[in-house]
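Student: Position in the sequence shown (first residue = 1) + 371 = my numbering.
In this text, a Cβ means the ideal position worked out from N, Cα and C, and glycines have one as well.
First the structure, then my questions, so here it is.
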Amino acid sequence: MEAQGPIDLIHLAGIEGNSVVVRVSGQEVRASQHDPDILVGEISVGTSFVKGSLKTWIFPQDLTDWEAALSTLAGGESASWRENKRATELHVALEEGLERATVSVADRSMSLATVQVTIELADGWLEDHRARLDRVRQAWPMRRN
(Lines of atoms letter the chains of each structure in order from A; the text may use other names.)
(Lines give C-alpha, C1' and ligand atoms only; values in the text may rest on other atoms or scores of the structure.)
Protein backbone atom coordinates (compact mmCIF):
# COMPACT_ATOMS: atom_id res chain seq x y z
CA MET A 372 0.00 0.00 0.00
CA GLU A 373 1.42 3.39 -0.95
CA ALA A 374 0.63 6.28 1.38
CA GLN A 375 -1.57 9.01 -0.07
CA GLY A 376 -0.28 11.64 2.34
CA PRO A 377 1.19 12.11 5.79
CA ILE A 378 0.08 9.81 8.59
CA ASP A 379 0.20 10.73 12.27
CA LEU A 380 1.99 7.89 14.03
CA ILE A 381 1.39 9.71 17.32
CA HIS A 382 -1.38 12.23 17.83
CA LEU A 383 -1.87 13.07 21.48
CA ALA A 384 -4.20 16.06 21.71
CA GLY A 385 -6.49 17.30 24.42
CA ILE A 386 -9.57 19.48 24.38
CA GLU A 387 -7.54 22.27 25.99
CA GLY A 388 -5.44 22.55 22.82
CA ASN A 389 -2.23 20.91 24.00
CA SER A 390 -0.78 18.42 21.54
CA VAL A 391 2.21 16.27 20.66
CA VAL A 392 2.22 14.85 17.13
CA VAL A 393 4.66 12.63 15.25
CA ARG A 394 3.69 12.93 11.57
CA VAL A 395 5.26 10.57 9.03
CA SER A 396 5.46 12.18 5.61
CA GLY A 397 7.46 9.72 3.55
CA GLN A 398 10.22 7.19 3.28
CA GLU A 399 13.88 7.44 2.33
CA VAL A 400 14.89 4.24 0.57
CA ARG A 401 18.58 3.64 1.03
CA ALA A 402 20.79 2.92 -1.97
CA SER A 403 22.58 0.07 -0.24
CA GLN A 404 20.71 -3.10 0.57
CA HIS A 405 22.70 -3.22 3.81
CA ASP A 406 21.09 -0.05 5.16
CA PRO A 407 17.57 -0.07 6.62
CA ASP A 408 14.80 2.02 5.13
CA ILE A 409 14.02 5.17 7.09
CA LEU A 410 10.78 7.08 7.49
CA VAL A 411 10.88 10.86 7.44
CA GLY A 412 8.58 13.08 9.42
CA GLU A 413 8.14 15.79 11.97
CA ILE A 414 7.56 16.00 15.70
CA SER A 415 5.42 18.95 16.69
CA VAL A 416 4.34 20.31 20.05
CA GLY A 417 1.55 22.82 20.45
CA THR A 418 0.13 24.69 23.43
CA SER A 419 -1.27 28.16 23.95
CA PHE A 420 2.18 29.07 25.29
CA VAL A 421 4.68 27.27 23.05
CA LYS A 422 4.64 25.82 19.55
CA GLY A 423 7.45 24.12 17.69
CA SER A 424 8.45 21.32 15.39
CA LEU A 425 11.51 19.36 14.45
CA LYS A 426 12.29 17.06 11.54
CA THR A 427 12.78 13.43 12.51
CA TRP A 428 13.82 10.13 11.00
CA ILE A 429 12.17 6.89 12.13
CA PHE A 430 13.92 3.54 11.81
CA PRO A 431 12.24 0.10 11.76
CA GLN A 432 13.31 -0.53 15.38
CA ASP A 433 11.62 2.73 16.41
CA LEU A 434 8.26 1.34 15.27
CA THR A 435 8.86 -1.85 17.26
CA ASP A 436 9.83 0.24 20.28
CA TRP A 437 6.69 2.39 19.94
CA GLU A 438 4.58 -0.78 19.88
CA ALA A 439 6.28 -1.90 23.12
CA ALA A 440 5.71 1.54 24.65
CA LEU A 441 2.00 1.29 23.82
CA SER A 442 1.84 -2.08 25.58
CA THR A 443 3.52 -0.58 28.65
CA LEU A 444 1.06 2.32 28.64
CA ALA A 445 -1.87 -0.12 28.29
CA GLY A 446 -0.66 -1.71 31.53
CA GLY A 447 -1.05 1.65 33.28
CA GLU A 448 2.66 2.42 33.44
CA SER A 449 4.55 5.37 32.04
CA ALA A 450 6.72 4.75 28.99
CA SER A 451 9.52 6.28 26.94
CA TRP A 452 10.20 6.08 23.22
CA ARG A 453 13.64 6.45 21.64
CA GLU A 454 15.25 7.12 25.02
CA ASN A 455 19.04 7.33 24.94
CA LYS A 456 19.21 7.18 21.15
CA ARG A 457 20.45 9.77 18.69
CA ALA A 458 16.89 10.96 18.13
CA THR A 459 14.29 13.14 19.76
CA GLU A 460 12.86 11.31 22.79
CA LEU A 461 9.26 11.06 23.89
CA HIS A 462 8.30 10.32 27.50
CA VAL A 463 4.67 9.68 28.46
CA ALA A 464 3.93 9.83 32.20
CA LEU A 465 0.39 8.66 32.91
CA GLU A 466 -1.67 10.49 35.51
CA GLU A 467 -5.12 9.57 36.79
CA GLY A 468 -5.07 6.18 35.10
CA LEU A 469 -5.29 6.44 31.33
CA GLU A 470 -7.14 9.77 31.35
CA ARG A 471 -4.28 12.26 31.45
CA ALA A 472 -0.59 12.26 30.64
CA THR A 473 2.39 14.55 30.91
CA VAL A 474 4.30 14.18 27.66
CA SER A 475 7.92 15.30 27.47
CA VAL A 476 9.67 15.81 24.14
CA ALA A 477 13.44 15.96 24.58
CA ASP A 478 15.76 16.95 21.75
CA ARG A 479 19.17 16.28 23.27
CA SER A 480 21.16 16.39 20.04
CA MET A 481 20.09 19.48 18.05
CA SER A 482 18.17 22.18 19.95
CA LEU A 483 19.08 20.85 23.41
CA ALA A 484 15.53 21.68 24.50
CA THR A 485 12.87 19.72 26.37
CA VAL A 486 9.18 20.61 26.29
CA GLN A 487 6.67 19.15 28.72
CA VAL A 488 2.92 19.19 27.96
CA THR A 489 -0.03 17.90 29.97
CA ILE A 490 -2.74 16.35 27.82
CA GLU A 491 -6.24 15.17 28.69
CA LEU A 492 -6.41 11.89 26.76
CA ALA A 493 -9.47 11.00 24.68
CA ASP A 494 -11.32 7.75 25.27
CA GLY A 495 -9.87 4.98 23.13
CA TRP A 496 -6.54 6.74 22.55
CA LEU A 497 -4.53 3.52 22.99
CA GLU A 498 -6.54 1.62 20.38
CA ASP A 499 -6.31 4.64 18.10
CA HIS A 500 -2.51 4.67 18.41
CA ARG A 501 -2.22 0.96 17.70
CA ALA A 502 -4.28 1.55 14.53
CA ARG A 503 -2.02 4.50 13.60
CA LEU A 504 1.04 2.27 13.95
CA ASP A 505 -0.57 -0.35 11.70
CA ARG A 506 -1.39 2.32 9.08
CA VAL A 507 2.21 3.55 9.03
CA ARG A 508 3.54 0.00 8.66
CA GLN A 509 1.10 -0.74 5.82
CA ALA A 510 1.81 2.52 4.01
CA TRP A 511 5.59 2.28 4.22
CA PRO A 512 6.91 -1.29 4.56
CA MET A 513 10.51 -1.08 5.73
CA ARG A 514 13.64 -3.21 5.34
CA ARG A 515 15.42 -3.84 8.62
CA ASN A 516 18.85 -5.03 7.44
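A445 lies in the alpha helix (DSSP H); which residues open and close that run?
Tutor: DSSP places A445 inside the alpha helix (DSSP H), whose first and last residues are 431–445.
Student: Quick one, which of E470, V416, R453 has its alpha-carbon nearest H462's?
Tutor: R453
Student: What is the DSSP secondary structure of H405, reduced to helix, strand or coil?
Tutor: Correct three-state label for H405: coil.
Student: Taking the runs of the alpha helix (DSSP H) that are 4 residues or longer, which of them lie wholly in the segment 462–503?
Tutor: Under the rule that a run must span 4 or more residues, no alpha helix (DSSP H) segment is found entirely inside the segment 462–503.
Student: Would you grab the beta carbon distance between V395 and P377 for me? Rounded to a whole angstrom, and I think it's under 8 Å.
Tutor: 6 Å
Student: Just mark A439 as buried or exposed, buried being the case when its beta carbon has 16 or more other beta carbons within 10 Å.
Tutor: Within 10 angstroms of the beta-carbon of A439 lie fewer than 16 other beta-carbons, which makes it exposed.
Student: Within 10 angstroms of its Cβ, does M481 collect 16 or more other Cβ (buried), or is it exposed?
Tutor: exposed
Student: So which of E413, Q375, V421, R401 has the shortest CA-CA distance to V488?
Tutor: V421
Student: To which residues of the same chain is M372 closer than 7 Å at the C-beta, ignoring the five residues directly before and after it?
Tutor: The predicted model places M372 with a pLDDT of 45, which falls under 50 and marks its position as unreliable; any figure quoted below should be read in that light. Q509, A510.
Student: If we call anything under 8 Å between Cβ atoms a contact, is E491 one with I381?
Tutor: no
Student: Assuming L465 contacts A472 under a Cβ cut-off of 8 Å, what Cβ separation, rounded to an integer in Å, is found between them?
Tutor: Approximately 5 Å separates the beta-carbon atoms of L465 and A472; this is inside 8 Å, confirming the contact.
Student: Based on the DSSP secondary-structure assignment, which residues constitute the bridge partners of E387?
Tutor: According to DSSP, which records beta bridges pairwise, E387 is partnered with nothing at all.
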